[in-house]
Amino acid sequence: MAEILSTALLLAQSAAKGFKERAQELILESQANIAHLEAQIEDLKHLRAREYSIIAALRLIIAPVRTLPSAVLGNIFIRALNAGNHRDGWTGSIRDVLVLTQAPAHIFREKGRGASVGSHENLFWNGPNLGSLMDALFGVPERWLSLTLSTKLLASLAQIPAGALTALETLDLRSTGGESGLHPNVNAFRLAPRLRRVTLWHVKNAETFMPWSQLTTIALAEESPRVCLDVIVRCSSLVSATLHMSGWPESVSFGETDTVTLEHLKSLEIHISNTSSEEHFTPFLQRLNLPSLTSLKMYGEYHSGVITWSQLAFTLFQIRSPLIQHLQIDHCALTSEDLQAVIHHVPNLSRLEVHNCSNCIDDAFLAALRYSPFDPAPFAPKLEVLWLSSLRCDFEETSLKDLVESRWWTEEELLAMSSPPAIARLKNVQYTSSRKFSRKFEKRIQVYRAEGLEFSTLVS
Numbered sequence: 371m372a373e374i375l376s377t378a379l380l381l382a383q384s385a386a387k388g389f390k391e392r393a394q395e396l397i398l399e400s401q402a403n404i405a406h407l408e409a410q411i412e413d414l415k416h417l418r419a420r421e422y423s424i425i426a427a428l429r430l431i432i433a434p435v436r437t438l439p440s441a442v443l444g445n446i447f448i449r450a451l452n453a454g455n456h457r458d459g460w461t462g463s464i465r466d467v468l469v470l471t472q473a474p475a476h477i478f479r480e481k482g483r484g485a486s487v488g489s490h491e492n493l494f495w496n497g498p499n500l501g502s503l504m505d506a507l508f509g510v511p512e513r514w515l516s517l518t519l520s521t522k523l524l525a526s527l528a529q530i531p532a533g534a535l536t537a538l539e540t541l542d543l544r545s546t547g548g549e550s551g552l553h554p555n556v557n558a559f560r561l562a563p564r565l566r567r568v569t570l571w572h573v574k575n576a577e578t579f580m581p582w583s584q585l586t587t588i589a590l591a592e593e594s595p596r597v598c599l600d601v602i603v604r605c606s607s608l609v610s611a612t613l614h615m616s617g618w619p620e621s622v623s624f625g626e627t628d629t630v631t632l633e634h635l636k637s638l639e640i641h642i643s644n645t646s647s648e649e650h651f652t653p654f655l656q657r658l659n660l661p662s663l664t665s666l667k668m669y670g671e672y673h674s675g676v677i678t679w680s681q682l683a684f685t686l687f688q689i690r691s692p693l694i695q696h697l698q699i700d701h702c703a704l705t706s707e708d709l710q711a712v713i714h715h716v717p718n719l720s721r722l723e724v725h726n727c728s729n730c731i732d733d734a735f736l737a738a739l740r741y742s743p744f745d746p747a748p749f750a751p752k753l754e755v756l757w758l759s760s761l762r763c764d765f766e767e768t769s770l771k772d773l774v775e776s777r778w779w780t781e782e783e784l785l786a787m788s789s790p791p792a793i794a795r796l797k798n799v800q801y802t803s804s805r806k807f808s809r810k811f812e813k814r815i816q817v818y819r820a821e822g823l824e825f826s827t828l829v830s
């Protein structure tokens with residue numbers, strides 16, 4: 371506007387002839403001025419941002435971090451990667467800065483030094499800005515020691531040449547939904563000479579890409595129980611196995627009858643999901659001979675039902691696996707007689723956990739566990755830990771009290787004995803249920819605790 375117009379002046383002129391047309395012209399002129407000013411503001415913002423970027427670049431050039439040895443910088447980078455995938459906090463800031471710069475290439479480019487990536491750390495990255503990081507990592511696969519990838523990155527594995535993973539010891543591949551199979555050209559894992567620990571979470575077709583015979587630890591989640599069984603019988607060096615799968619329908623024959631011996635396997639954990647009253651884990655037990663097994667854990671699925679119990683098959687399995695010390699049974703449909711038979715065939719049992727199994731903990735079972743010095747062959751002579759939870763209350767509290775009394779002695783009582791008892795002393799007892807014990811028994815439990823027995827009860 372050629373002149374500054376006040377509200378009072380405009381009001382004074384409003385009655386003049388032709389003011390409306392004049393007002394429209396003034397509005398258009400003001401709108402044009404506003405648009406021009408906004409454009410100038412945007413230009414100024416861009417200029418300001420440019421100056422900020424120049425300052426940041428100059429500060430980066432003269433930053434003290436550039437004087438750090440590459441080994442120190444690499445250690446900071448790897449630790450920031452392994453601090454988790456959180457976007458907040460100082461580790462997230464360090465991660466973002468390093469990934470956006472040439473730090474990954476700077477850290478990993480010296481191939482000839484022979485050091486492995488993450489010699490005691492696990493490299494994991496599932497955030498944005500993967501470009502420079504993945505290019506740097508896939509440029510030096512011979513330095514990978516531990517690798518964790520979600521399946522959305524599995525396609526990248528095909529670019530790893532066969533025989534390149536000379537240092538890899540631990541592999542963890544997990545599905546994030548959708549198609550999650552390995553590319554047919556992925557051959558690097560099969561030829562990884564040091565690979566020992568593998569986790570595969572719903573990764574399709576993985577059974578053809580791994581060096582099963584050299585693995586010592588596997589965690590496998592696979593819908594098909596047949597695939598899980600086929601995998602585990604190929605792992606001749608296996609020490610620890612965790613399997614998540616569907617149950618095996620009782621009406622389906624699995625064919626093979628010959629047992630496979632895994633002489634090194636010490637820990638076996640089986641999780642059965644999508645269970646019905648007809649599904650079970652018998653095929654695994656019938657095929658496996660585990661002479662070194664010390665820990666066996668079997669889980670049904672809480673929301674789907676319980677696992678059908680096959681006593682004969684389990685007894686035969688126990689005979690082939692005589693060293694079991696830790697036995698955990700969760701959501702399995704076994705009776706008190708079944709459970710007594712199980713304990714009878716575990717002479718080295720030191721820890722027993724029974725969770726969410728109806729009908730198996732009753733007066734008869736607790737009486738069988740009660741120790742008598744006149745019994746020439748005590749039941750579960752090495753039992754030290756007893757955990758029972760979420761059970762139907764099919765027993766009198768005196769049965770549990772008598773069991774504990776028979777297997778617990780104070781230090782003074784042990785010293786006063788002419789000969790030590792023929793069984794081990796209890797160390798830890800836990801009981802979780804909807805049941806409430808009498809005040810008298812609760813007071814006795816407090817005495818046990820004061821004497822040194824870890825005894826806890828929880829009303830759920």
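Per my numbering, numbering through the sequence shown is continuous, rising by one, with the last residue being 830. C-beta: ideal position from N, C-alpha, C; glycine also.
- ARG567 places its beta carbon less than 8 Å from that of THR587.
- Here DSSP, grouped into helix, strand and coil, assigns PHE749 to coil.
- Looking from the CA of ARG564, the closest CA among LEU585, HIS572, LEU758 belongs to LEU585.
- Judged by DSSP in its simplified three-state form, ARG721 adopts strand.
- By the Cβ neighbour-count rule, ASP708 is buried, with 16 or more other Cβ atoms within 10 Å of its own.
- Every unbroken stretch of the alpha helix (DSSP H) spanning 4 or more residues and falling wholly within the stretch 778-824 is given here in chain order: 781-786, 809-821.
- A check of alpha carbon separations from GLY617 across ARG777, PRO511, TYR669, HIS406 identifies TYR669 as the nearest.
- Distance check between PRO653 and each of SER728, VAL603, LEU608 places VAL603 closest, using alpha-carbon atoms only.
- For the stretch 655-743, the continuous alpha helix (DSSP H) assignments of 4+ residues that do not extend past its boundaries occur at 681-690, 706-714, 733-739, in sequence order.
- The alpha carbon of SER516 has as its nearest neighbour, out of ALA611, LEU527, GLU539, the alpha carbon of GLU539.
- Bounds of the alpha helix (DSSP H) holding LEU430 are 389-431.
- If you compare the alpha carbons of SER759, LEU784, ARG795 with that of SER826, the shortest gap goes to SER759.
- Around the Cβ of LEU543, a 10 Å sphere holds 16 or more other Cβ atoms; the residue is buried.
- By the neighbour-count criterion, in which a residue is buried when 16 or more other Cβ atoms sit within 10 angstroms of its Cβ, GLU412 is exposed.
- Assignment of VAL609 by DSSP, reduced to helix, strand and coil, places it in the coil class.
- With contacts defined by Cβ atoms closer than 8 Å, SER637 and SER610 form a contacting pair.
- A distance of 8 Å or more separates the beta carbons of LEU697 and LEU756.
- Around the beta carbon of THR678, a 10 Å sphere encloses 16 or more other beta carbons of the protein chains shown; the residue is thus reported as buried.
- Ranked by how close their Cα comes to the Cα of HIS701, the residues ASN726, PRO581, VAL716, CYS598 have ASN726 in first place.
- Secondary structure note for LEU773: its alpha helix (DSSP H) is the uninterrupted segment 767-776.
- Rounded to the nearest whole angstrom, the C-alpha separation of THR612 and SER423 is 51 Å.
- Rounded to the nearest whole angstrom, the C-alpha separation of ALA737 and GLU824 is 21 Å.
- Under the three-state reduction of DSSP output, THR652 falls in the helix class.
- Boundaries of the beta strand (DSSP E) harbouring ARG567: 567-571, taken from the DSSP string.
- For ASP628, the secondary structure class from DSSP, reduced to helix, strand or coil, is coil.
- Here the alpha carbons of ASN718 and LEU693 stand approximately 6 Å from one another.
- The residues LEU543, in chain order, have a CB closer than 7 Å to that of LEU519 in the same chain once the five nearest residues on each side in sequence are set aside.
- Per DSSP, ASP600 lies in no beta strand (DSSP E) segment; the continuous alpha helix (DSSP H) that holds it begins and ends at 595-602.
- A residue is called buried once 16 or more other Cβ atoms fall within 10 Å of its Cβ, and GLN656 is buried on that count.
- By the C-beta criterion, the stretch 768-780 is judged to be in contact with the stretch 809-818, since at least 3 inter-stretch pairs fall below 8 Å.
- For LEU663, the closest alpha carbon among the candidates SER706, PRO746, SER400, HIS634 is that of HIS634.
- If the five residues before and after THR569 are omitted, its C-beta is found closer than 6 Å to the C-beta atoms of ASP542, ALA589, all from its own chain and listed in chain order.
- Contact annotation, GLU821 with THR780: C-beta distance approximately 5 Å; criterion of less than 8 Å satisfied.
- Contact check for PRO661 against THR631 passes: the beta carbons are separated by less than 8 Å.
- The continuous stretches of beta strand (DSSP E) do not include ARG564, and DSSP gives it neither H nor E.
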